[in-house]
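Numbering (UniProt numbering), first residue to last: 1 to 107.
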């Protein structure tokens, strides 16, 4: 699921894609995928691509928090949580720093 989210983001030219295995750090999820878009329109396209990929390939419908206009959208598919940011929000919130003990996936 995590790699499918990565591919879906990459299909829409997401930048700075990272994926971490975090199941050993939290019981909330197994993987965090983080990426960014350069505009509201691109963030929205990335989010829709990830949602579509998860639904069509795996029958998964995740919960969505945030909007492209806010600069941060979080998609929760249980085993995988996907964060799609604008650059400023990604830098400000630095969510990856909270999961520094995560194991990076080879992308």
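By construction, the Cβ of each residue, glycine as well, lies at the ideal position given by its N, Cα and C atoms.
Segment contact, 8 Å Cβ cut-off, at least three pairs: the segment 7 to 27 with the segment 71 to 78 | no
Beta-carbon gap between residue 29 and residue 95 smaller than 8 Å = Within the chain shown, residue 29 is the residue found at index 29, counting from 1. Within the chain shown, residue 95 is the residue found at index 95, counting from 1. Going by C-beta atoms, residue 29 is not nearer than 8 Å to residue 95.
By how many angstroms is the C-alpha of residue 32 removed from the C-alpha of residue 82?
-> As a working mapping, residue 82 is identified with position 82 in the chain shown. As a working mapping, residue 32 is identified with position 32 in the chain shown. So the two alpha carbons sit approximately 6 Å from each other.
Just confirm the distance between the C-beta atoms of residue 76 and residue 63, as a whole number of angstroms; I'd bet it's less than 8 Å.
-> By 1-based counting over the chain shown, the position of residue 76 is 76. By 1-based counting over the chain shown, the position of residue 63 is 63. Going by Cβ atoms, the distance from residue 76 to residue 63 rounds to 5 Å, so yes, they are a contact pair.
Would you kindly work out how many angstroms separate the C-alpha atoms of residue 13 and residue 103, rounded to a whole number?
-> Here the question's residue 13 lines up with position 13 in the chain shown. Here the question's residue 103 lines up with position 103 in the chain shown. About 24 Å.
Buried or exposed by the 16-neighbour rule on C-beta atoms within 10 Å, applied to residue 90 = Here residue 90 is taken as the residue at index 90 of the chain shown, counted from 1. With 16 or more Cβ atoms within 10 Å of its Cβ, residue 90 is classed as buried.
Based on Cα-Cα distance, which residue from 106, 5 and 16 lies nearest to residue 88?
-> Against the chain shown, residue 88 aligns to sequence position 88. Comparing Cα-Cα distances from residue 88 to each of 106, 5 and 16, the minimum goes to 16.
Contacts around residue 60, its chain only, beta-carbon distance under 6 Å, and the 5 residues preceding and following it disregarded = Counting from 1 along the chain shown, the entry for residue 60 is found at position 60. Here the set comprises 54 and 77.
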